[in-house]
Amino acid sequence: MDGQLHSIEKELKKELEKSRYEHTIGVMYTAGCLAMRYGCDLKKAMLAGLLHDCAKGIPSEKKLKMCKKNHIELSQIERENPYLIHAKLGAFLAREQYGVEDEDILHAICVHTTGAPAMNLLDKIIFLADYIEPNRTKAQNLPQIRQMAFENIDRAILKTLEDTLEYLKDSRKRDSIDPITLQTYEYYKEDKQNE
Ligand code: DGI
Ligand code: FE
Ligand code: FE
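Numbering (my numbering), first residue to last: 47 to 241.
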């Protein structure tokens with residue numbers, strides 16, 4: 047295996063809880079498969095998949111402190127829901143701690159939780175791989191979205207966003223939905239209608 051991937055894997059194994067580490071490896075290989083399907087750079091997809099949750103093990107208070115110290119700007123919704131911060135902070139750590147300089151990889155890590163309107167191919171691959179990797183079991187419609195991911199990536203993104211919003215509306219206060227998640231959903235809904 048690629049030396050960089052291998053050494054980061056070893057580091058993450060120490061940083062993350064076992065189940066989170068297994069999820070991370072699942073995302074790395076699923077991102078690799080999607081990269082093969084859609085003609086994306088395989089190494090970049092695997093590296094972004096491997097590192098996407100690298101900040102997940104940091105306690106909320108520490109995440110907030112690290113963002114302050116490193117001038118990482120947070121939105122209101124991120125301050126209220128600190129678990130959302132692992133995306134932005136993960137991109138920062140991927141650069142500072144794991145030595146990744148590729149801006150595409152850092153961007154894909156940064157937008158992996160909420161998505162973003164007009165995502166590039168690598169962003170889409172990481173967003174979806176995170177949702178469908180084999181260790182995921184809870185989301186509704188997983189078999190359908192897993193198949194769709196390899197047939198029509200934009201349709202799979204739209205379905206994932208739709209289900210995530212529905213889940214968030216059911217389980218939390220409506221105002222804890224990140225406006226970026228809503229904007230992303232609206233963007234891909236429009237996009238499908240114009241097809
Ligand atoms: O870090 P992971 O658990 O692997 O996955 P993730 O980074 O996609 O985070 C998943 C959680 O993020 C899931 O519970 C749904 C939630 N999420 C996605 N969009 C939003 C959101 N949570 C809030 N509060 N607002 C959002 O817009
Ligand atoms: Fe995540
Ligand atoms: Fe994840």
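Where is the CB? At the ideal position from N, CA and C, for every residue including glycine.
Given the structure is predicted, the values throughout are model-derived calculations rather than measurements.
- When Cβ pairs closer than 8 Å are counted between the two stretches, the stretch 100 to 115 is seen not to touch the stretch 190 to 206, the count staying below three.
- The alpha carbon of Pro225 has as its nearest neighbour, out of Ala175, Leu135, Pro163, Glu236, the alpha carbon of Pro163.
- Lys102 and Ala94 have their C-alpha atoms some 14 Å from each other.
- In this structure, His69 lies near Asn181, with their beta-carbon atoms less than 7 Å apart.
- Taking the C-beta atoms as reference points, Ile171 is found no nearer than 7 Å to Leu96.
- In this structure, Phe196 sits near Arg83, with a CB-CB distance shorter than 7 Å.
- The C-beta distance from Tyr231 to Leu211 rounds to 6 Å, short enough to fall under 8 Å.
- For the options Asp99, Glu236, Leu228, Glu61, the alpha carbon positioned closest to that of Ala133 is the one of Asp99.
- Nearest neighbour of Phe173 by Cα position, chosen from His52, Asn127, Thr159, turns out to be Thr159.
- DSSP places Pro225 inside the alpha helix (DSSP H), whose first and last residues are 225 to 239.
- No heavy atom of ligand 3 is found nearer than 6 Å to the CB of Asp216.
- With fewer than 16 neighbouring CB atoms inside 10 Å of its own CB, Ala185 falls in the exposed class.
- Between Glu179 and Val73, the gap from beta carbon to beta carbon is short of 7 Å.
- With a cutoff of 7 Å on beta-carbon distance, Ala175 and Ile155 are scored as not near each other.
- Under a 10 Å Cβ-count criterion, Glu124 is classified as buried, with 16 or more other Cβ atoms of the shown protein chains found around its own Cβ.
- Under the three-state reduction of DSSP, Arg66 is assigned to helix.
- In this model, Ile131 and Lys215 are separated by some 20 Å (Cα to Cα).
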